[in-house]
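For the sequence shown, the residue numbers in this note's numbering are 34 to 472.
Heads up: the structure comes next, in structure tokens.
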Amino acid sequence: MSQMKQFDNIPSTPGKFKMEKSSPYIHRLRWHSSLVKLTFWSFVFLGMILMFLYKSPPSTSSSSSTPDPSRRSLWTPSWGGPAWEKRVRSSARVRSRNGLCVLVTGAAGFVGTHVSAALKRRGDGVLGIDNFNDYYDVSLKRARQALLERTGVFIVEGDINDQALISKLFEVVAFTHVMHLAAQAGVRYAMQNPSSYVHSNIAGFVSLLEVCKSANPQPAIVWASSSSVYGLNTKVPFSEKDRTDQPASLYAATKKAGEEIAHTYNHIYGLSLTGLRFFTVYGPWGRPDMAYFFFTRDMLKGKPIPIFEGPNHGTVARDFTYIDDIVKGCLGALDTAEKSTGSGGKKKGPAQLRVFNLGNTSPVPVSELVSILERLLKVKAKRTVLKMPRNGDVQFTHANISYAQSEFGYKPTTDLQTGLKKFVRWYLSYYSGGKKSAQ
Ligand SMILES: NC(=O)c1ccc[n+]([C@@H]2O[C@H](COP(=O)([O-])OP(=O)(O)OC[C@H]3O[C@@H](n4cnc5c(N)ncnc54)[C@H](O)[C@@H]3O)[C@@H](O)[C@H]2O)c1
Ligand SMILES: *[C@@H]1O[C@H](CO)[C@@H](O)[C@H](O)[C@H]1NC(C)=O
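Structure representation (structure tokens):
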């Protein structure tokens, strides 16, 4: 009651305060107004904290707090609204005659960025989606996103497990094709964080297929499997007809599961599905978790690099495939993909189901990879030779690519020396001047 009185007594002209500084009444009033101010600013401050918590991406520290980095991004910023839909439509607008309209998942990833840019360049409509998880340096994903943005490709930030979001995208745009490259990659990380493989490579794939099967019209889907499905197979070169039921890592097992899941959705719903088994892809804007990338980083820092050898000093070799050749293979698969046959979740007839090796057909020993890097970087590597641990890596890979060759003229043209030269040129310019550091 008395407080209200005080308020009633506040002079309407604030200027008067200054002349009556000494009175006890003013003193009380001052104290009171500062309490009001304090309350006011507390609310503003609290509001700012809440806004910050809401807007900021969830924790960026690696796997310590949450065991699953790909799940973290479920807490994504909001999507939707007229401005957002306009960006989605404009990015997906087809600009060439008979161009495709493609949803690219994992568009901020290594392969996704290159494929998106290539599609856009030839006039196809492209919309990306990526959850920007922190499996490796997120700033590299952001830099790729900026690169794509300049070419007119918008990447929606979200998880492929978010069916409401994916359905919304299909409501806004009638995609003719899906290029599915979002995945938890890496063989060794699977022992550290197995659930992220199940989340992205199995649950995420099923979630995406659920939306695709119900879409009207259903899109044709091309997706990334992996040479790792050959597992303990020792018959070379690896052919698509070889057995793939002996995966050597959880990563390989989830890729193999993807191939079986693809079979199911093709069989039940008439979805057109093409799996591409990539063989060790490398090149500019590549993945920091891969050997050629961290060898380059560590050799430049003068740090020793681990070189694995098989039993009895056996050579470890990889069929390294340059990114531009992989991109050509992806476009070839998209261009020869037949339409899905179902509609509204019902199968109307048999649909296409394929799987192709996309490799380079010439395996190179890892020691040779290091020698090439030494010449290109002009530094001597400190090699530490180690026994290959039994954690999922296989001793060698070698692709038989005659099927992809016959179906869409796939023919890799870049040898490791030429491709690494382009990678090193990119690496040095990207990380030049200490502006960014390769973690
Ligand atoms: N690079 C290779 O050597 C190689 C070899 C064999 C197979 N592959 C396969 O090719 C595909 C592309 O590989 P890459 O090298 O570009 O890997 P990458 O990690 O650079 O790209 C994958 C992208 O998908 C995103 N992503 C992961 N989970 C997601 C989710 N749940 N929702 C939304 N986005 C998600 C990631 O943020 C990342 O940007 C993957 O399926 C990978 O398994 C790659
Ligand atoms: C390569 O694969 C094709 C089938 O796709 C097969 O006919 C051919 O024999 C294979 N080549 C070798 C060298 O294994």
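Where is the CB? At the ideal position from N, CA and C, for every residue including glycine.
All figures in this text were calculated on a predicted structure; none of them were measured in a lab.
Cβ-heavy atom distance between residue i and ligand 1 below 8 Å?
i	result
Lys-454	no
Arg-175	no
His-232	yes
Phe-327	no
Lys-288	yes
Ala-150	no
Ser-260	yes
Leu-214	yes
Arg-221	no
Do residue i and residue j have their CB atoms nearer than 9 Å?
i	j	result
Ile-254	Cys-245	yes
Arg-458	Pro-317	yes
Trp-112	Lys-201	yes
Ile-356	Tyr-325	no
Asn-393	Asp-358	yes
Thr-287	Val-231	yes
Pro-321	Arg-330	yes
Arg-205	Ala-125	Rather than Arg, the amino acid found at residue 205 in this sequence is Val. Closer than 9 Å, so yes.
Val-186	Leu-160	yes
His-431	Phe-311	no
Using only the alpha-carbon positions, how far apart do residue i and residue j sit?
i	j	result
Asp-195	Phe-165	14 Å
Arg-351	Lys-415	21 Å
Pro-100	Glu-440	Residue confidence is low: Pro-100 scores 47 on pLDDT, short of 50, so the model does not pin down where it sits. Its coordinate-derived value is still stated next. Cα-Cα distance, rounded: 42 Å.
Lys-274	Trp-117	45 Å
Leu-449	Met-323	15 Å
Lys-334	Val-399	20 Å
Ala-290	Leu-406	36 Å
Leu-242	Asn-345	45 Å
Thr-277	Ser-465	43 Å
Gln-178	Arg-128	21 Å
Val-403	Leu-419	15 Å
Ile-434	Phe-389	8 Å
Val-189	Ala-176	15 Å
Leu-453	Lys-411	13 Å
Is it the case that the CB of residue i approaches a heavy atom of ligand 2 more closely than 8 Å?
i	result
Pro-422	no
Ser-435	yes
Ser-272	yes
Tell me which residue opens and which closes the alpha helix (DSSP H) that residue i is part of.
i	result
Glu-273	Here Glu-273 belongs to no alpha helix (DSSP H), and DSSP marks it neither H nor E.
Asn-390	That residue, Asn-390, is in no alpha helix (DSSP H); its beta strand (DSSP E) goes 386-391.
Phe-13	Residue 13 lies beyond the residue range present for the chain, which begins at 34 and ends at 472; the question has no answer from this structure.
His-296	283-302
Lys-444	From DSSP, Lys-444 is part of no alpha helix (DSSP H); its letter is neither H nor E.
Val-399	399-410
With residue i as the anchor, note down where its beta strand (DSSP E) starts and where it stops.
i	result
Arg-310	306-311
Phe-187	187-190
Leu-419	415-420
>> In chain order, what are the residue ranges of uninterrupted beta strand (DSSP E) at least 3 long that sit wholly in the segment 325-390?
In response: 337-342
>> Restricting to runs no shorter than 3 residues, where is the beta strand (DSSP E) found entirely within the segment 219-266?
In response: 253-259
> Which runs of the beta strand (DSSP E), 3 residues or longer, sit entirely within the segment 126-170?
Replying inline: 134-138, 158-163
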